[in-house]
Every structure is written in structure tokens, then in C-alpha cells.
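Q: From first to last, the protein sequence lines are chains A and B.
To convert, count from 1 in the first sequence and add 66; that's the numbering used here.
To convert, count from 1 in the second sequence and add 66; that's the numbering used here.
There are 2 protein chains.
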Amino acid sequence: MSLKKEHLKSSNIDWNQFMPGISIDCVIFGYHDKELKVLVLEYKKTGLFALPGGFIKKDETLDDAAKRVLKERTGLSNIYLNQFHTFGSLKRSDHTPMKTVLENNEASFDETHFLLQRFISVSYFALVDFKKVEPVADSLSDTCQWIDINELPSLILDHNDIYQKAHDHLKKSINSEAVGLNLLSKTFTMAELQGLHESILGKELNRTSFHRKIMLSGHLKRIGKKKTGKAHRSPYLYKFIQQ
Amino acid sequence: MSLKKEHLKSSNIDWNQFMPGISIDCVIFGYHDKELKVLVLEYKKTGLFALPGGFIKKDETLDDAAKRVLKERTGLSNIYLNQFHTFGSLKRSDHTPMKTVLENNEASFDETHFLLQRFISVSYFALVDFKKVEPVADSLSDTCQWIDINELPSLILDHNDIYQKAHDHLKKSINSEAVGLNLLSKTFTMAELQGLHESILGKELNRTSFHRKIMLSGHLKRIGKKKTGKAHRSPYLYKFIQQ
DNA sequence: CCAAAAGTGTTTTGGGTACACCCATGA
DNA sequence: TCATGGGTGTACCCAAAACACTTTTGG
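(1) Does the Cβ of B/Pro219 have 16 or more other Cβ atoms within 10 Å, making it buried, or fewer, making it exposed?
(2) Return the bridge partner residues of B/Arg288 from the DSSP annotation.
(3) In its own chain, which residues sit with a C-beta less than 7 Å from the C-beta of A/Cys188, not counting the 5 before and 5 after it?
(4) B/Gly246: which of B/Asp160, B/Ile307, B/Gly113 and B/Leu182 sits nearest, CA to CA?
(5) Express the C-alpha separation of B/Tyr97 and B/Lys197 in angstroms, rounding to a whole number.
(6) I need the DSSP call for A/Thr294, collapsed to helix, strand or coil.
(7) Could you give the distance in angstroms between the alpha-carbon of B/Gly284 and the alpha-carbon of B/His298?
(8) Which of helix, strand or coil does DSSP assign to B/Asn241?
(9) Measure from the alpha carbon of A/Lys111 to the alpha carbon of each residue in A/Asn78, A/Asp99, A/Ala173 and A/Ser207, then state which is nearest.
(10) Rounded to the nearest angstrom, what separates B/Glu217 and A/Asp227 at their Cα positions?
(11) So what's A/Ser159 in DSSP terms, helix, strand or just coil?
(12) By DSSP's criteria, A/Gly119 is part of a beta bridge. Which residues make up the other side?
(13) So, does the stretch 134–146 of chain B touch the stretch 229–239 of chain B, judging by three or more C-beta pairs under 8 Å?
(14) Taking all protein chains shown into account, do 16 or more other C-beta atoms lie within 10 angstroms of the C-beta of A/Asn248, making it buried, or fewer, making it exposed?
(15) Could you tell me which chain A residues have their CB closer than 7 Å to the CB of B/Leu156, listed as they occur along the chain?
(16) Which whole-angstrom value describes the C-beta separation of B/Ala192 and B/Phe95, a residue pair presumed to lie in contact below a C-beta threshold of 8 Å?
(17) Looking at the structure shown, is B/Gln211 part of a helix, part of a strand, or coil, going by DSSP?
(18) For a contact defined as C-beta to C-beta under 8 Å, what are the partners of A/Lys124 on chain B?
(19) Can you check whether the CB of A/Val194 is closer than 8 Å to the CB of A/Leu114?
(20) Looking at the strands, I want to know which residues DSSP matches up with A/Gly96.
(21) State the Cα-Cα distance for the pair A/Ser205 and A/Asn78, rounded to the nearest angstrom.
(22) Name the residue from B/Gly154, B/Glu169, B/His225 and B/Leu271 whose alpha carbon lies nearest to the alpha carbon of A/Phe121.
(23) Span of the alpha helix (DSSP H) holding A/Ile222?
(24) Any Cβ of chain A within less than 8 Å of the Cβ of B/Ile88?
(25) Please tell me whether B/Leu223 and B/Asp160 are closer than 8 Å, where the distance is taken between their beta carbons.
(26) Who are the Cβ neighbours of A/Tyr302 in its own chain at under 8 Å, not counting the five residues just before and after it?
(27) Leaving out five residues on either side along the sequence, give the residues of the same chain with a beta carbon under 8 Å from the beta carbon of A/Phe84.
(28) Are the Cβ atoms of B/Val202 and B/Gly141 separated by less than 8 Å?
(29) I want to verify the contact list: residues of chain A whose CB lies under 8 Å from the CB of B/Gln149, in sequence order.
(30) Have a look at B/Phe175 and A/Glu177 and give me their C-alpha separation to the nearest angstrom.
(31) What in chain A is Cβ-close to B/Met164, meaning under 7 Å?
(32) Given this structure, state the Cα-to-Cα distance separating B/Thr294 from B/Tyr146, to the nearest angstrom.
(33) What is the residue span of the alpha helix (DSSP H) that A/Ile186 lies within?
(34) Could you work out which residue in A/Lys269, A/Ile266 and A/Leu250 is closest to A/Leu286 when comparing CA atoms only?
(35) Please classify A/Lys103 as buried or exposed, where buried requires at least 16 neighbouring CB atoms within 10 angstroms.
(36) Hey, out of A/Ile280, A/Cys210 and A/His233, whose CA is closest to A/Ser265's CA?
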């Protein structure tokens, strides 16, 4: 654990192994407690928030770099990942936030520091099982934590735009089995799946219509009753059919 | 004209003005003679084909860079442009095609030549009015010419993948008014618009259903009769309503 | 008059939604 | 028995597609 953090310590990093000028930013979605959440970093002693990101090794595929970044932040492999846009506005050339971060963390640095260049950001969104994730901060950040999408703070640079576009893409792909398959546990109740869809779309759905639509898609299989211990009838559990 | 070419001569270019490691590739669609076409470069004396591309100036927005590249190749401003994917496979690190090109064009070059690095490619697709375009080759290429999408040659690196993904995006956006508005002349017949849709989708469409659907969209306005000189009734002309 | 072009009427299909209503069940 | 969960039947709306048919019109 502390080994992992040491590994990420910025002053120990050989920045030369990365392609200059290109970064990867990730919008990592999780679902818990009936709320859709996103992993957000908070930089030490600065009050600055950002999406987790990273860089591309010179001999590494773009998609592999994204997988690696995801693994560093969540500990997970085999994550559902989707590139959705590349951001290259000049807003990204404002180095004041990163200078603030470095001033609070590095003994010394100069204007040529790797992190103080203009980056074009290739952005991915990821869907992960909340329960399996242990958020890991990097050495420049205190925390990497889940934030409810309705309580997102102001993020550095254009990261709020990035989040917004990621959420738009998630809405568009609501009918893909990937959404439920990756954001929920292996088994779940119909009410949980409906709650997830409602969180993503930001509106309530009709229960019976939702039920029929989902079952007609053919991706779901009912597997048994849940024992809740509560009064009244207990809900069935479902899982996605793996083809 | 020759001034413009001189300006593009590769040995005259200050490569240092561009961000390293990132390129822009464009899939430029045009429609003519009932066929969907794409602008393709042929490198001098090599038999190698590629999509037109360019680089990003250090103080230039990603989208502005794409607009500039488009203008260099087509002479047009105000082009309909859409970023659709960023490519970063290791296939892109194969420098043999570019070495072949340079060997046939430059007096001398070494392994550190700007064009012999690994590029991540941010890709755009563009829709242009065939009639308004004058394709302009760069100094490394003989020709920049329209090629029927059904007769595309094998392109360098992953450029065939890039084209394929661009075409997929074009199919998905078939119901956007942008498709007809940008690929056809200001006025056109219903048969021409239907032919365009058929070329993009690669299948025939029912005339009456197409007519009804298009008119119900509310974007089209009928403006008058076309004088064909042929026998039989002449078709009406339509144009898109600008809001 | 002929054939191309334009337009209408009707039907079917399929997805999505809304709602009423019934069945099952666990404490 | 009753509140919750699960499920069906029906109806409605809408976009898209398929097809038959009529009207218009330039030469």
C-alpha cells in the first residue's frame, strides 16, 4: 500500500518515459446507495479538485495507457472503458492550478517541469463495480474519492466540461447491457437496476414498462429470490447473461 | 497557387512550431456523380496513399488546427467538422512508409526528423460541397484527389481503420440536417438527396417513405422547378431552411 | 400520349410509455 | 392480512417502412 504510493511519488517519476503534450483523463463512474458517483482527486493543501489522469508511455498503446491509469486508481483490471472525446482548448494551457499544486508538494521545481506544459487530453469514461474499488490517490493528492454527481465541486481547467460530456455519453449508451453489467454487482434486483437507470437519466421511469423492456432485451436472467429479512415478499435476483 | 505550395514545402517548415507526438487526420467526404467520395493523398513516387493530415500549433486550439488543415487541403472555410476518435495503436509507430516518402523527397534527413516520431492521431470527419473544393496536395504528395469510397486503395498505417470509423459515424448521423446541407449544393432535387442517403447507407431506400420522412423533418423547403431540357416532368428544387 | 416526378392514402411494424389490474409471499 | 414485489393485458403514440394509387407536366 505505502509501496504503491511511493511508486507514484511525483519526484521519483521518470517523466521522460511519457509522450509529451498528451494526457489521459478518466471519468470513472460507480453506483452506490442509489446514487451515481464519480471518482475525484483532491490535491493536497490546495482545495483544488480534478479528474484522475495520467500519461502515455512511449511504447504503450493509448488504450493500454488508459487501462493502466484506471488500475492505478481503482486496483481493477478488466474495466469497461470507452474513449469518448479529445479536449484541446487553450483553457488547458492555464498552468496556475498545477503550479499551486507543485508549490505545495515539491521541494523545488522550475518552469520546465513536465506537468507545466500544454496537454491535449484524450478522455475516457469507465464503469466500475463500486464495491470492488479501493480508490488510490497519487502523491500529489490527499484523496481519491467518490463524489455524488449532483454534488460535484468546481474542477480545475476544463474538467467539468469533460465530466459533462462523459455523462452525456453514458446517457446515450443507457440501452447497452454494459451499463448494468459493469456498474452493479453480479446479481441485483430489478429495482436496483431501475434505480441505476433513473440516476443516469436523471428522471423517474415507469416500473412495469421498464421491467418489460429490460426482459425483452434478452440480456437478463432471473436466478432466485433474495432473502431480505424484511417483511413482505422478497425480490428476485437477476444477472446478465454472458454470451 | 505556387506560392501556396511553396508555403507547404516540407523543408521550409519550422517543425518546432508544432506540438510533438500529436497529429490530426481528416476524412473529408464529398458527393458527386451519385457517389460518395473521400479526399486521399498520394505521396510522390511511392505508390503510398494516406488521409490528409497536419499538426497542431503550440498556441492553437485542437479544433482550430483541424479547420486550418481543412482549409489547406480544400481552400474552404466554414466547413462542417466533427471530431470522432483518437487513434493511438502501436501500428502508428511504423516509420517505414514515412521514410520511403522522405527518401524520395528530401535531399537529406535523419532519424530525428519530426515526421519520424510516434504520433497519436486526433481524427475528424468533414462534409464539403464537392463543387466548391479544389484539392491541394502538400509538397510531399503528387496529388490530393477524390476517391470513390468503394474504390479506396490500401492506405498507410491505420488510415483504413480511421476511414472506416469515420464512415460509421457518418451513417449514424444520417438524420442530421448537416449531412445534406453540407454535402450538396445549395439547391438540389429530392432524388439527389435520396441518392446521397443511399450512398452513405449503402442500401436503397423507398422513395415515398423517404420523401415523407424528409419533409416531416421540417428542414427542407421547396423552391421551384428545375429546367432539365429533358423530356417529361422536371423535378422541384429544394433547399435547407437556415434558422 | 408517355414516362418521369410528385404526392397521398392506407397499412403494418416496432419501440416506448402509461395505466389498470392481478398474483405471490413473508412475517 | 397487507404491504411490497413481480407480472400481464391492453391501449396509445409515434416514427419508419411498404405498397398501391393518383396527379402533374414537359416534350
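We put the beta carbon where it would ideally sit given N, CA and C, even for glycine.
From a predicted model like this one, the values you see are computed outputs, not experimental measurements.
A: To lay it out plainly:
(1) exposed
(2) B/Tyr304
(3) Checking the sequence, you will find Val at residue 188 of chain A rather than Cys. Excluding sequence neighbours, A/Val188 sits near Ile88, Ile90, Leu128, Gln149 and Thr152.
(4) B/Ile307
(5) 9 Å
(6) coil
(7) 28 Å
(8) coil
(9) A/Ser207
(10) 40 Å
(11) helix
(12) A/Asp91
(13) no
(14) buried
(15) Thr127
(16) 7 Å
(17) strand
(18) Arg184
(19) no
(20) A/Lys103
(21) 10 Å
(22) B/Gly154
(23) First-last for A/Ile222: undefined, no H or E at that position.
(24) yes
(25) yes
(26) Thr255, Met256, Arg288, Ile289, Gly290, Lys291 and Lys292
(27) Phe121, Ile122, Lys123, Lys124 and Phe180
(28) yes
(29) His151 and Thr152
(30) 32 Å
(31) The contacting residues do not exist; B/Met164 stays about 17 Å from chain A at best.
(32) 30 Å
(33) Here A/Ile186 belongs to no alpha helix (DSSP H); instead the beta strand (DSSP E) covers Ile186 to Leu193.
(34) A/Leu250
(35) buried
(36) A/His233
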